[in-house]
Amino acid sequence: MFWTEDEFIKNMRNALGWVKYSRQLNQEQMSAVLHTNGPLWVLAGPGSGKTELLIWKLFKLIFVDGVDPQTIFLTTFTEKAAKNMFNRIITYYNNLLKHGFDCIKNVDISSLKIGTLHSLCNSILVEYRYDNYHTKRLMDENESSYFFYKYVTMTKSGSQGPSDYFWEYFFEKRPYSKWQRVNYSKILLSRITEDLIDVEKLQNSDDIFMQELAEYYIQYKQSLNHRDRCDFPTVQQLFLKFLNEEEGEKFIQGDMERDLPPIKYVLVDEYQDTNPIQEEIYFRMTELISPSDCNITVVGDDDQAMYRFRGATVDSLIFFGERVKERFGKIPTKIQLKRNYRSHPAIIDWFNSYIANMPEMQIKGARAPGKERMISAKHFQENWNPIAIIEGSSLTDTAEKVAEFIQSIINFRDEKNEKIIDDPSQIVILSQSTRETSRNVGSFVESLRRRGVPVYNPRNRKIHETTEVKQLLGAYIEIIDKNNSELSENDHVLRISTRVKDFIQSCRREYQNLITSQGGIDKLLNYVSQSQLKIESAPPNKKFDATFHRIFLRLLNCPPFSEYLSDPVISPRYGIISAQIEAFNTVYSNYLVKSSTINSLKRNLLRDFYTVFCGQILNSGLNDVEDIDYPILPGRVQIVTYHQSKGLEFPIVILLGLTKQYRVGISYKLERMLSEYRKNPLQLESDELRAAQDMIRLYYVGQTRAKYCLIFADKELNKWKYSLGFDEKGEKRFSLNWLENNNIPVYR
DNA sequence: GGATGAGTTGTTTTT
DNA sequence: CAACTCATCC
């Protein structure tokens with residue numbers, strides 16, 4: 001105990017008065033901070049100061065209740081959010097120190113357990129060496145794909161492996177390629193773990209496909225175990241198992257011998273995006289700590305749930321009250337943060353009406369019980385209309401109009417010759433996908449670039465399309481495949497899809513362009529021709545003195561590639577390619593080593609590189625790396641997905657993709673098909689309804705990002721069913737007719 | 001406004 | 001190959 005409640009509040013206010021993010025807490029926030037014992041359920045609407053509340057709560061626990069920081073377990077949804085929060089905590093703490101509160105200087109604030117649930121589970125399992133976890137390799141998404149491709153039997157062979165009917169049953173179509181089987185397998189099998197499916201129930205099902213699924217799951221798990229690998233869902237599964245055993249109890253209860261105090265508090269941010277296994281982990285921890293204290297705090301907004309595809313269910317937040325009552329016999333204290341410190345009052349008025357009046361959201365269980373509208377809490381001096389609609393005749397036309405609009409506000413000067421905005425990066429385009437294709441933001445990027453407006457789109461997943469990457473891969477291809485064998489039509493060893501073939505060809509072209517147009521690259525030419533010779537004249541059964549990785553590193557040593565390494569844009573791209581190769585190598589490590597015949601050389605060297613490595617790159621796409629400390633690049637209009645925008649705010653927001661019909665994607669179907677096999681089965685609304693609700697929540701997230709200006713842009717206004725609320729006939733589905741009543745201008 | 005044909009694309013989001 | 005966009009024609 002360092003301070004009393006009153007001292008704590010006074011000291012925090014004094015110390016943080018000038019810190020960028022901090023301001024006085026409002027009454028609801030304060031009551032959540034001062035809440036001491038028992039479950040706490042915070043519904044935090046957009047821009048309501050949720051992170052601020054969490055940080056104050058941590059500080060209150062530490063400085064008023066005297067809780068040891070290392071006994072607090074706080075999870076966030078992304079690594080980025082965890083880092084941000086941690087940095088803010090350190091800043092606040094240093095400010096308290098600067099204000100001369102010496103009594104807290106021995107508190108080790110950095111020992112707080114803050115991170116994503118995955119990262120915390122991972123580090124604790126490593127620390128406790130549970131089930132030899134520290135010897136296992138935790139695979140990322142790409143590695144996991146390679147793992148399936150190489151080690152998992154995905155087609156019927158003998159008694160093992162799923163049949164075509166199996167895939168048809170779960171995915172309604174037969175996979176047309178091995179990569180599709182990889183993708184399907186990942187979706188299906190991670191679902192079993194994350195939805196907390198009872199594998200025994202599956203085995204005992206009357207449905208033969210459910211039995212087959214159980215078998216397939218077991219096969220996969222064995223193969224993971226056998227090869228000492230672990231995937232993302234399995235980390236959580238192991239952690240839950242750990243909690244239910246003696247070692248886990250030690251972790252929770254503390255270990256005197258090792259000077260580890262017991263865990264005391266569980267706090268969860270973004271609780272609406274929690275899936276069943278995560279919910280069980282939080283509940284189990286709470287139970288082990290003390291079921292009678294039931295010290296669990298969850299914070300989130302059901303209206304902003306957007307990760308059902310990952311197995312998350314809003315239900316965990318919406319029914320938190322009932323679930324806690326069922327399990328612990330306690331009724332959580334419910335607090336709604338309804339003061340919005342972000343948006344212009346008219347924007348708040350709009351999104352309040354939007355979320356409350358959409359017919360799909362009025363169904364029971366769609367939103368948290370008793371939820372109230374948000375109230376504007378930030379003072380806005382100017383009285384202007386911050387909402388507008390841009391309607392084009394086609395997508396390209398819309399893009400032109402949006403670009404025109406953006407250009408005009410960038411250049412705009414008022415009577416006093418002052419700009420409206422300081423920097424183009426204050427304008428943000430939100431879209432379902434940041435891929436620069438004609439269906440997505442392609443035409444928008446093009447229209448902007450044509451007008452000389454710089455654009456920042458680091459997640460467009462196309463660095464494999466850049467010249468420098470193609471040149472490098474082209475050089476590699478030149479080495480391993482001098483004779484263009486990818487072109488031979490009737491080669492049964494090399495069966496390469498047209499997509500990959502096109503990619504290989506364009507890599508070759510880029511390499512050819514490079515060597516014909518640039519001088520000073522003798523070293524590269526020498527290395528390539530020497531290596532070609534070496535491969536050609538390789539004696540049978542002799543090991544090559546080269547692996548994919550080594551050839552790649554040698555190429556990087558030759559100009560111009562070696563010179564590219566000092567380029568701030570290209571160098572990180574080579575880093576990404578290098579990481580890809582490493583992931584590939586963890587599974588395909590010895591394929592270059594033993595080649596006895598030309599055919600096996602082709603099989604090992606070419607096919608694996610073409611269909612597996614290139615296939616996977618084309619399959620998943622590669623993003624540029626973003627600087628976590630500088631997520632915004634000044635001077636450029638930002639392009640961001642609705643998902644990425646979560647937790648952020650922007651002065652001017654332009655929403656795209658408004659005519660999109662929801663898709664009852666495979667995750668909705670699987671959620672339903674498997675729901676009866678869950679450990680805790682649940683009642684689900686129809687697939688259609690859940691998909692529609694999720695679509696509405698996605699748009700809600702987009703709308704609530706805007707501070708001063710919110711623009712809706714797309715073609716065919718009367719088809720904006722879920723984004724603005726029209727029906728099939730173009731009539732407004734809102735009883736309110738909000739848009740008309742507020743004279744929202746439409747620019748055509 | 002709808003028929004036609006040319007052209008483009010390969011869902012999407014994160015640990 | 002299927003699904004979609006979009007310009008163009010009447």
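Per UniProt numbering, the first sequence starts with residue 1, numbered consecutively.
Note that the Cβ used here is the ideal one computed from N, Cα and C, for glycine as well.
Asked, Found
"What are the partner residues of Val455, as DSSP defines its beta bridges?", "Val637"
"Start and end of the beta strand (DSSP E) containing Leu74?", "72-76"
"Do Ile347 and Asp303 come within 9 Å of each other at the CB atom, strictly closer than that value?", "no"
"Between the C-alpha atoms of Asn340 and Arg88, what's the straight-line distance to the nearest angstrom?", "20 Å"
"Just to check my reading of the structure: Phe232 and Ile666 have Cβ atoms closer than 8 Å, yes? What is that Cβ distance to the nearest angstrom?", "Between Ile666 and Phe232 the Cβ distance is about 19 Å, and since that is not below 8 Å, they are no contact."
"Would the region 239-252 and the region 27-38 be scored as touching if the rule is three or more Cβ pairs under 8 Å?", "no"
"In terms of residue numbering, what span does the alpha helix (DSSP H) encompassing Phe166 cover?", "164-171"
"Reducing DSSP to helix, strand and coil, say where Leu682 ends up.", "coil"
"Pick from Ala81, Val67, Pro69: whose alpha carbon is nearest that of Glu52?", "Ala81"
"Rounded to whole angstroms, how far is the Cβ of Ala312 from the Cβ of Asn275, which I believe are closer than 8 Å?", "5 Å"
"Which one or two residues does DSSP pair with Tyr265 in a beta bridge?", "Ile72"
"Kindly list the residues whose CB is nearer than 8 Å to the CB of residue 776, restricted to its own chain and excluding five residues on each side of it in sequence; keep chain order.", "Only positions 1 to 748 of the chain appear in this structure, which leaves residue 776 out of reach."
"Could you tell me how far apart the beta carbons of Thr155 and Ile277 are, in whole angstroms, since I believe they sit closer than 8 Å?", "Not a contact, Cβ separation roughly 29 Å."
"By alpha-carbon positions, which one of Ile409, Glu322, Ser433, Glu446 ends up nearest to Thr396?", "Glu446"
"So, helix, strand or coil for Glu391, using DSSP?", "strand"
"Can you tell me whether Ser595 is buried or exposed, with buried defined as 16 or more other CB within 10 angstroms of its CB?", "Reliability fails at Ser595, whose pLDDT of 48 lies under 50, so the model's placement of it is uncertain and the value that follows must be treated cautiously. That one is buried."
"Mind the definition here: the region 97-105 touches the region 187-206 only if three or more C-beta pairs lie below 8 Å; say whether that holds.", "no"
"Label Ser145 either buried or exposed according to how many other C-beta atoms from any shown protein chain fall within 10 Å of its C-beta, with 16 as the threshold for buried.", "buried"
"According to DSSP, Phe650 sits in a beta bridge with which residue or residues?", "Ala706"
"If you follow the beta strand (DSSP E) that Leu658 is part of, which residue opens it and which one closes it?", "Counting along the chain, Leu658 falls outside any beta strand (DSSP E), and DSSP gives it neither H nor E."
"Taking all protein chains shown into account, do 16 or more other C-beta atoms lie within 10 angstroms of the C-beta of Val593, making it buried, or fewer, making it exposed?", "Confidence in Val593 is poor, its pLDDT being 42 and thus under 50, which makes the residue's placement too unreliable to answer from."
"Check whether the region 685-696 touches the region 630-645, counting contact only when three or more Cβ pairs, one atom from each stretch, lie closer than 8 Å.", "no"
"Between the C-alpha atoms of Phe712 and Pro369, what's the straight-line distance to the nearest angstrom?", "30 Å"
"Mind checking who Thr333 pairs with in its DSSP beta bridge?", "Leu40"
"Quick one, which of Thr78, Asp6, Asn11, Asp68 has its alpha-carbon nearest Lys646's?", "Thr78"
"May I have the straight-line CA-CA distance separating residue 761 from Lys660, to the nearest angstrom?", "Given that the chain is displayed from residue 1 to residue 748, the structure contains no residue 761 and the question cannot be resolved."
"Is the beta carbon of Lys338 closer than 9 Å to that of Glu372?", "yes"
"To the nearest whole angstrom, what separates the beta carbons of Leu61 and Ile114, a pair I think is in contact under 8 Å?", "The Cβ separation is near 13 Å, so there is no contact."
"Would you mind giving the Cβ-Cβ distance between Gly621 and Leu655, rounded to the nearest angstrom? I have them listed as a contact below 8 Å.", "Between Leu655 and Gly621 the Cβ distance is about 23 Å, and since that is not below 8 Å, they are no contact."
"Check whether the region 530-539 and the region 505-513 are in contact - that is, three or more C-beta pairs closer than 8 Å.", "no"
"May I ask you to report which of helix, strand or coil DSSP gives Asn11?", "helix"
"Just to confirm the assignment, what range does the alpha helix (DSSP H) spanning Thr286 have?", "276-289"
"Bridge partners for residue 790 per DSSP, in chain order?", "With the chain running from 1 to 748 in the structure shown, residue 790 is simply not present."
"Taking Cβ to Cβ, would you say Arg451 is nearer than 9 Å to Glu404?", "yes"
"Taking DSSP as the reference, what is the three-state secondary structure of Ile521?", "coil"
"Got a sec? Which residues, its chain only, sit under 6 Å from Tyr456 by beta carbon, not counting five neighbours each side?", "Leu633, Arg636, Gln638"
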